[in-house]
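**Q** In my numbering, the protein residues as written are 1368 to 1566. The beta carbon of each residue, even a glycine, is placed where N, CA and C say it ideally should be. Mind having a look at this structure? Questions to follow.
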Amino acid sequence: MLVVGVNGSPRKDGNTAFLLNLALEAAKSLGAETVLIHAVDALSGQENPFCVVCSNPCEGRCSKGNALGEAFDILRRADGILLGSPVYFGTVSAQLKAFWDRTRILRREKALFNVVGGALTVGAARFGGQETTIKALFDMMIIQGMIIVGDGYRDADAGHHGSCAQVPSDKDDFAIERAKRLGLRVAEVAYATMSLRRR
1368 MLVVGVNGSP
1378 RKDGNTAFLL
1388 NLALEAAKSL
1398 GAETVLIHAV
1408 DALSGQENPF
1418 CVVCSNPCEG
1428 RCSKGNALGE
1438 AFDILRRADG
1448 ILLGSPVYFG
1458 TVSAQLKAFW
1468 DRTRILRREK
1478 ALFNVVGGAL
1488 TVGAARFGGQ
1498 ETTIKALFDM
1508 MIIQGMIIVG
1518 DGYRDADAGH
1528 HGSCAQVPSD
1538 KDDFAIERAK
1548 RLGLRVAEVA
1558 YATMSLRRR
């Protein structure tokens, strides 16, 4: 079973990556293989910084023989995906949006259909748009046909949307605990739903 984290922050060692790594470690404790993809790395070398709908239906031209294609190959194998983004003006980062917009080829293939998804966000203020950003992450995953879970866990409580942290995330004890629970929940449901994914 593979659980993949997608770091939508331009910083590879910042607050979002910190929480994603905690969630992935929790998933690993249930036996999952884990991988962390940095959207900024996957987008390196792209001719256009964002999707320009160069073909319809999508032929995946932007992801052939490059870092984006390698990232998509990992996502094609995923049983669970944790999307993480800092809050930029109440929504996801430009890097994550540019990365996810290019997953049109994965949508055409139904590659993420029934993959389990969870979300986490980090904002500069306690009420800095984290929940609106999580809702945007949910929308992105729902359009792929993914199964969305929150950060509840059987040994804790029913949960919330996901982990919503305030900068600095390594000092936000509540968000740290929620990130760990989210990783456990994604792995648990991914394992329970393996028969739903065509592999």
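1) Kindly give me the distance between the Cβ atoms of K1547 and L1397, rounded to whole angstroms, as I take these residues to be in contact under 8 Å.
2) Do three or more CB pairs link the region 1478-1490 to the region 1398-1405 at distances below 8 Å?
3) Beta-carbon within less than 6 Å of G1526's beta-carbon, same chain only, minus the 5 sequence neighbours each way: which residues are those?
4) With DSSP as the reference, please indicate the residues paired to Y1455 in a beta bridge.
5) Compare the beta carbon distance of E1555 and R1521 with 9 Å and say whether it is the shorter of the two.
6) Which class does Q1497 belong to by DSSP, given the choice of helix, strand or coil?
7) At the level of alpha carbons, what is the spacing between S1376 and G1496?
8) Indicate the three-state DSSP secondary structure (helix, strand or coil) for N1423 in the structure shown.
9) Can you check whether the CB of G1427 is closer than 9 Å to the CB of I1472?
10) Classify S1411 as helix, strand or coil using the three-state DSSP reduction.
11) Quick one: does the C-beta of Q1462 sit closer than 8 Å to a heavy atom of the ligand NAP?
**A** This is what the structure gives:
1) Counting from 1 along the sequence shown, the entry for residue 1547 is found at position 180. Counting from 1 along the sequence shown, the entry for residue 1397 is found at position 30. About 11 Å separates the two Cβ atoms, so there is no contact after all.
2) Contact between the region 1478-1490 and the region 1398-1405 is not established, with fewer than three Cβ pairs separated by less than 8 Å.
3) Within the sequence shown, the letter at position 159 stands for residue 1526. Correct list, in chain order: G1517, D1518 and G1519.
4) The residue labelled residue 1455 in the question sits at position 88 within the sequence shown. In DSSP, Y1455 forms a bridge with T1458.
5) To locate residue 1555, count along the sequence shown from 1; it is residue 188. To locate residue 1521, count along the sequence shown from 1; it is residue 154. Between E1555 and R1521, the C-beta gap is smaller than 9 Å, which places the two residues in contact.
6) Here residue 1497 is taken as the residue at index 130 of the sequence shown, counted from 1. DSSP places Q1497 in helix when its eight states are reduced to three.
7) Here residue 1376 is taken as the residue at index 9 of the sequence shown, counted from 1. Here residue 1496 is taken as the residue at index 129 of the sequence shown, counted from 1. Between S1376 and G1496, the C-alpha separation is close to 15 Å.
8) To locate residue 1423, count along the sequence shown from 1; it is residue 56. In the three-state reduction of the DSSP assignment, N1423 falls in the coil class, being assigned neither a helical nor a strand state.
9) Working through the sequence shown from its first residue, we reach residue 1472 at position 105. Working through the sequence shown from its first residue, we reach residue 1427 at position 60. Yes, they are a contact pair.
10) As a position in the sequence shown, residue 1411 is number 44, starting the count at 1. Annotated three-state conformation of S1411 is coil, per DSSP.
11) What this structure holds is no ligand at all, so the ligand NAP is not there to describe.
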